[in-house]
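Quick notes on the structure that follows.
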Amino acid sequence: MNFTTLASTYQKEFEEKVKRILRMPSVYQEDERYPFGKPIDDVLNEMLSIGQEDGFSVKNISGYAGHIEYGQGKDIIGVLGHLDVVPAGEGWSNNPFDPVIRDGHLFARGRRMIRVL
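Heads up: the sequence shown begins at 1 in full-length UniProt numbering, then just goes up one per residue.
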(Lines of atoms letter the chains of each structure in order from A and count residues from 1; the text may use other names and numbers.)
(Lines give C-alpha, C1' and ligand atoms only; values in the text may rest on other atoms or scores of the structure.)
Protein backbone atom coordinates (compact mmCIF):
# COMPACT_ATOMS: atom_id res chain seq x y z
CA MET A 1 0.00 0.00 0.00
CA ASN A 2 1.32 3.43 -0.96
CA PHE A 3 0.39 5.80 1.87
CA THR A 4 0.67 8.94 -0.30
CA THR A 5 -1.72 7.50 -2.88
CA LEU A 6 -4.15 6.36 -0.18
CA ALA A 7 -3.97 9.72 1.64
CA SER A 8 -4.67 11.65 -1.56
CA THR A 9 -8.04 9.89 -1.87
CA TYR A 10 -9.05 11.53 1.43
CA GLN A 11 -7.62 14.98 0.72
CA LYS A 12 -10.88 16.91 0.21
CA GLU A 13 -12.51 15.21 3.20
CA PHE A 14 -9.46 16.00 5.35
CA GLU A 15 -9.40 19.64 4.24
CA GLU A 16 -13.07 20.11 5.12
CA LYS A 17 -12.65 18.53 8.55
CA VAL A 18 -9.57 20.61 9.34
CA LYS A 19 -11.41 23.74 8.22
CA ARG A 20 -14.29 22.91 10.59
CA ILE A 21 -11.83 23.17 13.48
CA LEU A 22 -9.87 26.16 12.15
CA ARG A 23 -13.07 28.22 11.75
CA MET A 24 -13.74 28.01 15.48
CA PRO A 25 -12.33 30.91 17.55
CA SER A 26 -11.23 28.68 20.41
CA VAL A 27 -9.95 31.44 22.69
CA TYR A 28 -9.93 31.09 26.48
CA GLN A 29 -12.84 32.69 28.30
CA GLU A 30 -13.48 32.71 32.01
CA ASP A 31 -16.56 30.57 32.64
CA GLU A 32 -17.37 28.56 35.78
CA ARG A 33 -19.23 25.92 33.72
CA TYR A 34 -16.22 24.96 31.56
CA PRO A 35 -12.56 24.52 32.58
CA PHE A 36 -11.27 26.76 29.74
CA GLY A 37 -14.47 28.49 28.61
CA LYS A 38 -17.26 27.68 26.19
CA PRO A 39 -15.30 28.31 22.93
CA ILE A 40 -12.62 25.78 23.88
CA ASP A 41 -15.27 23.30 25.06
CA ASP A 42 -17.03 23.73 21.70
CA VAL A 43 -13.88 23.02 19.67
CA LEU A 44 -13.01 20.02 21.85
CA ASN A 45 -16.46 18.56 21.28
CA GLU A 46 -16.26 19.30 17.55
CA MET A 47 -12.93 17.48 17.29
CA LEU A 48 -14.34 14.52 19.20
CA SER A 49 -17.38 14.52 16.89
CA ILE A 50 -15.09 14.34 13.86
CA GLY A 51 -13.24 11.40 15.43
CA GLN A 52 -16.50 9.64 16.18
CA GLU A 53 -17.80 10.28 12.63
CA ASP A 54 -14.66 8.55 11.35
CA GLY A 55 -15.28 5.48 13.51
CA PHE A 56 -12.76 6.13 16.27
CA SER A 57 -13.37 5.61 19.96
CA VAL A 58 -13.61 9.01 21.68
CA LYS A 59 -13.57 10.22 25.27
CA ASN A 60 -14.12 13.66 26.75
CA ILE A 61 -12.16 14.01 30.00
CA SER A 62 -14.40 16.50 31.82
CA GLY A 63 -13.63 19.27 29.31
CA TYR A 64 -9.91 19.22 30.16
CA ALA A 65 -8.81 16.95 27.31
CA GLY A 66 -10.09 14.43 24.84
CA HIS A 67 -9.03 11.09 23.42
CA ILE A 68 -9.56 9.92 19.87
CA GLU A 69 -8.26 6.37 19.88
CA TYR A 70 -7.39 3.72 17.34
CA GLY A 71 -6.49 0.24 18.46
CA GLN A 72 -6.58 -1.35 21.88
CA GLY A 73 -4.30 -2.65 24.60
CA LYS A 74 -0.61 -2.19 23.75
CA ASP A 75 -1.46 -1.53 20.09
CA ILE A 76 -2.93 1.94 20.28
CA ILE A 77 -2.04 5.07 18.32
CA GLY A 78 -2.04 8.45 19.99
CA VAL A 79 -1.27 11.97 18.79
CA LEU A 80 -1.02 14.95 21.12
CA GLY A 81 -2.10 18.43 20.20
CA HIS A 82 -4.08 21.41 21.37
CA LEU A 83 -7.09 23.24 19.97
CA ASP A 84 -6.96 26.56 21.81
CA VAL A 85 -5.56 29.72 20.24
CA VAL A 86 -4.52 33.17 21.38
CA PRO A 87 -6.84 36.07 20.50
CA ALA A 88 -6.57 37.01 16.82
CA GLY A 89 -5.59 40.64 17.39
CA GLU A 90 -5.01 43.16 14.57
CA GLY A 91 -3.14 43.21 11.28
CA TRP A 92 -4.27 40.00 9.58
CA SER A 93 -4.16 39.84 5.78
CA ASN A 94 -7.11 37.38 5.85
CA ASN A 95 -9.80 36.63 8.39
CA PRO A 96 -7.83 34.39 10.81
CA PHE A 97 -10.83 32.10 11.24
CA ASP A 98 -11.59 31.69 7.55
CA PRO A 99 -9.11 29.06 6.27
CA VAL A 100 -7.94 29.42 2.67
CA ILE A 101 -5.80 27.28 0.38
CA ARG A 102 -3.24 29.29 -1.55
CA ASP A 103 -0.33 27.91 -3.60
CA GLY A 104 -0.97 24.42 -2.26
CA HIS A 105 -0.87 25.48 1.41
CA LEU A 106 -3.69 25.79 3.91
CA PHE A 107 -3.55 29.12 5.78
CA ALA A 108 -5.53 29.95 8.91
CA ARG A 109 -5.00 32.01 12.01
CA GLY A 110 -2.19 33.86 10.25
CA ARG A 111 0.20 31.03 9.41
CA ARG A 112 0.65 28.16 7.03
CA MET A 113 -0.90 25.14 8.71
CA ILE A 114 -0.25 22.26 6.29
CA ARG A 115 0.85 21.56 2.78
CA VAL A 116 -1.98 20.00 0.85
CA LEU A 117 -1.24 17.28 -1.69
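The C-beta atom is built at its ideal place from N, Cα and C for all residues, glycine as well.
### Task
Would you give the residue range spanned by the alpha helix (DSSP H) that Gly51 belongs to?
Its alpha helix (DSSP H) spans residues 38 to 53.
### Task
Let me know if Phe3 comes out buried or exposed under the rule of 16 or more other beta-carbons within 10 Å of its beta-carbon.
exposed
### Query
What's the C-alpha gap between Gly51 and Phe107?
22 angstroms
### Pick from Leu22, Gly55, Asp103 that is closest to Ala88, judged by C-alpha positions
Leu22
### Query
So what's Arg109 in DSSP terms, helix, strand or just coil?
coil
### Query
In terms of alpha-carbon separation, which member of Phe36, Pro99, Ile101 lies closest to His82?
Phe36
### Task
Indicate the three-state DSSP secondary structure (helix, strand or coil) for Thr5 in the structure shown.
helix
#### Entry: Ile68 to Glu46 span [Cα, whole Å]
12 angstroms
### Query
Is it buried or exposed for Val85, if we count other Cβ within 10 angstroms and need 16 for buried?
That one is buried.
### Query
Taking C-alpha atoms, which residue in Ile101, Ala7, Asp103, Gly71 lies nearest to Gly55?
Gly71
### Message
Suppose you measure from the CA of Val43 to the CA of Ser62; what does that come to, to the nearest Å?
### Response
14 angstroms
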